[in-house]
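Under the numbering used here, think of the first position of the sequence shown as 4, with each following residue one higher. Before any comments, here is the structure.
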Amino acid sequence: MVLAGIRENGVGEMGLGGVPLGAKNKYRRMDSELTDYDGDVEQHNPLEKKINSTKKYVIACAVFASLNNVLLGYDVGVMSGAIIFIKEDLKISEFQEEFLVGVLSVISLFGSLFGGRASDVIGRKWTMGLAAIIFQAGAAVMTLAPTFRVLMIGRILAGVGIGLGVMIAPVYIAEISPTVSRGKLTSFPEIFINAGILLGYVSNYAFSSLPAHTNWRIMLAVGILPSVFIAFALCIIPESPRWLVVKNRIEEAKSVLSKTNDDESEVEERLAEIQLAVGASNGEKAVWRELLSPSPALLRMLIAGFGIQCFQQITGIDATVYYSPEIFRAAGLDGNSKLLAATVSVGITKTVFILVAIILIDKAGRKPLLYVSTIGMTICLFGVGVTLSLLNEGSVGTALAILLVCGNVAFFSVGIGPVCWVVTSEIFPLKVRAQASALGSVGNRVCSGLIAMSFLSVSRAITMGGTFFIFSAISALAVVFVYKFVPETKGKSLEQIELLFQNEYELPRDELQLGDVEHLVPEK
């Protein structure tokens with residue numbers, strides 16, 4: 004009897020800490036239904052097929068929901084090269100150059116603020132569609148712009164669209180994902196941002212030989228192409244189950260949960276949790292009033308979410324990407340082709356290392372990756388500062404600068420790049436999730452815009468090497484911030500994460516963490 008019990012559940016009839024792992028338990032061993040005592044597994048093939056089908060479906064939803072982020076990445080990547088030719092064609096000043104590059108991030112804050120409310124009214128799914136439409140309109144205006152003023156109008160439209168898109172995708176993915184894989188799936192938007200950046204770099208290099216009046220317009224026009232795939236995606240993906248419950252569409256919410264969870268009992272439990280969370284929010288004060296006058300737990304969430312979003316940008320990542328040709332020129336690299344080729348290496352590095360984060364985020368956890376990322380960035384940014392200040396002449400200094408810039412974006416992609424969006428999408432309670440995530444996106448976009456709009460001016464005032472010393476100091480502060488204000492959320496349900504902040508970053512002892520038993524679930 005004892006052996007049979009062990010064979011069924013892996014640790015007898017009771018799990019870790021005396022928690023039952025029986026058929027009705029939320030965290031029971033997932034392979035217990037796949038293995039019978041007589042070794043007959045053929046009868047369980049339908050369940051195995053359902054598990055595989057569910058995984059594929061959730062991944063497809065995460066991929067489709069992330070397509071909007073290609074637009075942000077492409078804009079960041081393509082503008083680093085296009086701005087060289089825009090300056091030449093439209094004869095703009097350095098101030099106009101900075102304003103053109105940075106204004107998109109600043110304007111996107113309006114899209115993010117509006118996106119929180121829009122996603123509660125028209126749904127997470129259709130907010131993504133609205134974001135794509137507005138961005139594509141802006142991209143079309145920029146492509147056809149005859150003057151700097153018209154170009155700015157297109158840039159503002161594109162900024163609103165990007166603001167909508169970047170805040171809603173992680174929220175949507177977090178709400179449809181199973182707890183055990185929520186981290187890696189919520190990282191998908193960052194993958195697509197990096198893919199967009201790389202596409203932008205490649206576009207720069209491919210069209211750099213064309214006349215200045217033509218090439219930057221073609222570069223910007225390529226950004227319109229993803230709209231076809233986004234339109235297709237919106238026909239495929241379901242609406243978020245949490246949004247459906249808010250609108251009292253319970254059966255539809257249950258249907259979505261059944262497609263994204265292979266365990267029927269877990270479907271029922273998650274549906275009950277969502278209904279409980281929605282019911283608890285009824286009759287409470289308005290969302291924005293709650294955000295402006297938060298409880299101690301919500302304040303801790305806001306500090307963690309808003310802070311990590313700001314640190315992601317004030318360490319200078321967007322400025323490094325936008326102005327990488329300028330940085331490499333300061334390091335002694337000459338010629339547009341060489342500059343753009345070096346910039347492509349930055350994009351490749353950024354894209355490759357985000358895949359490392361996807362593999363590790365649900366295994367190593369959020370906080371360890373943040374430590375590795377921020378410490379590594381601090382070292383690389385300091386190294387760039389030293390190189391640009393002392394070794395800015397000669398091939399050794401040039402090669403070292405390229406290596407350190409690539410190292411900086413690699414450490415960024417391994418940790419704070421994707422983890423920032425994961426943490427922001429999972430720490431807030433349902434009632435304020437969209438609006439609070441929007442606030443985090445606002446902080447991210449404002450910091451990105453301010454850094455991008457001031458990078459050249461500050462570099463002229465204190466040298467480019469001095470600017471990177473400042474970025475290094477800020478990155479060191481980010482290490483301290485992560486230690487003090489960002490708890491580990493790996494393996495915890497969205498509801499458990501709420502309890503984590505209510506109890507000052509500690510989970511009550513009677514709350515079982517999925518991370519404590521996830522080793523019982525075999526890898527597929």
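Built from N, CA and C at the ideal position, the CB exists for glycine as well.
- prompt: Do you know whose CA, among Trp291, Val387, Glu491, Ile320, lies nearest Phe117's CA?
  reply: Trp291
- prompt: Can Lys353 and Ile200 be called in contact, C-beta distance under 8 Å?
  reply: Less than 8 Å separates the beta-carbon of Lys353 from that of Ile200.
- prompt: Ala333 lies in the alpha helix (DSSP H); which residues open and close that run?
  reply: Here the alpha helix (DSSP H) through Ala333 covers 327-333.
field: Own chain residues within Cβ distance below 7 Å of Arg185, not counting five before or after
entry: Counting only Cβ-Cβ distances below 7 Å, and skipping sequence neighbours, we find Ala177, Glu429.
message: Just verifying my parser: in three-state terms, what is the DSSP assignment at Asp365?
response: coil
Residues of its chain near Tyr60, where Cβ-Cβ distance is below 6 Å and the 5 sequence neighbours each way are ignored: Lys262
- prompt: Among Leu302, Ile171, Glu101, which one has its Cα closest to the Cα of Lys128?
  reply: Among Leu302, Ile171, Glu101, the Cα nearest to that of Lys128 is on Ile171.
query: Start and end of the alpha helix (DSSP H) containing Asn447?
result: 433-465
message: For Pro432, tell me which candidate among Val66, Pro297, Phe195 has the shortest Cα-Cα distance.
response: Pro297
message: Between the alpha carbons of Val461 and Met467, how many angstroms are there, rounded?
response: 8 Å
query: DSSP state of Phe123, grouped into three classes?
result: What sits at residue 123 in the sequence shown is Asp, not Phe. Here Asp123 sits in helix by DSSP.
task: Tell whether a beta-carbon distance below 8 Å holds between Val73 and Ala198.
output: Result yes, Cβ atoms of Val73 and Ala198 sit closer than 8 Å.
task: Grab me the residues of Val422's own chain with a C-beta within less than 6 Å of its C-beta, minus the 5 sequence neighbours each way, in chain order.
output: Arg369, Leu372, Leu373
message: Between Gly80, Ile382, Thr401, which has its C-alpha nearest Tyr208's C-alpha?
response: Gly80
query: The alpha helix (DSSP H) with Ala300 in it runs from where to where?
result: 299-317
field: C-alpha gap between Gly119 and Pro229, whole angstroms
entry: 23 Å
- prompt: Closest by CA to Leu279, which one among Val109, Asn251, Val387?
  reply: When only C-alpha atoms are compared, the closest one is Asn251.
query: Between the segment 93-109 and the segment 245-259, are three or more C-beta pairs nearer than 8 Å?
result: Cβ pair count under 8 Å is below three, so no.
message: Our contact map puts Ala360 next to Ser478 with C-beta atoms below 8 Å; I'd like the distance itself, whole angstroms only.
response: Going by Cβ atoms, the distance from Ala360 to Ser478 rounds to 17 Å, so no, they are not a contact pair.
task: Using 10 angstroms around the beta-carbon of Ala142, count the other beta-carbons present and answer buried if the total reaches 16, otherwise exposed.
output: Ala142 should be labelled buried.
query: So what's Leu228 in DSSP terms, helix, strand or just coil?
result: coil
field: Uninterrupted alpha helix (DSSP H) stretches inside the segment 356-423 (no shorter than 4 residues)
entry: 369-393, 398-417
query: Does the beta-carbon distance from Gly420 to Ile357 come in below 8 Å?
result: In contact: Gly420 and Ile357 (Cβ atoms closer than 8 Å).
- prompt: For Ile62, does the three-state DSSP call read helix, strand or coil?
  reply: Helix.
message: Relative to the C-alpha of Gly166, which candidate in Leu363, Ile156, Ile179, Ala135 has its C-alpha closest?
response: Ala135
- request: Compute the Euclidean distance between the alpha carbons of Ala140 and Ser451, then round it to the nearest angstrom.
  value: Each residue's Cα considered, the two are about 22 Å apart.
query: Given a threshold of 16 other Cβ atoms within 10 Å of its Cβ, counted over all protein chains shown, does Phe98 qualify as buried or as exposed?
result: exposed
query: Whole beta strand (DSSP E) runs in the segment 149-198 with 3 or more residues, listed along the chain?
result: none
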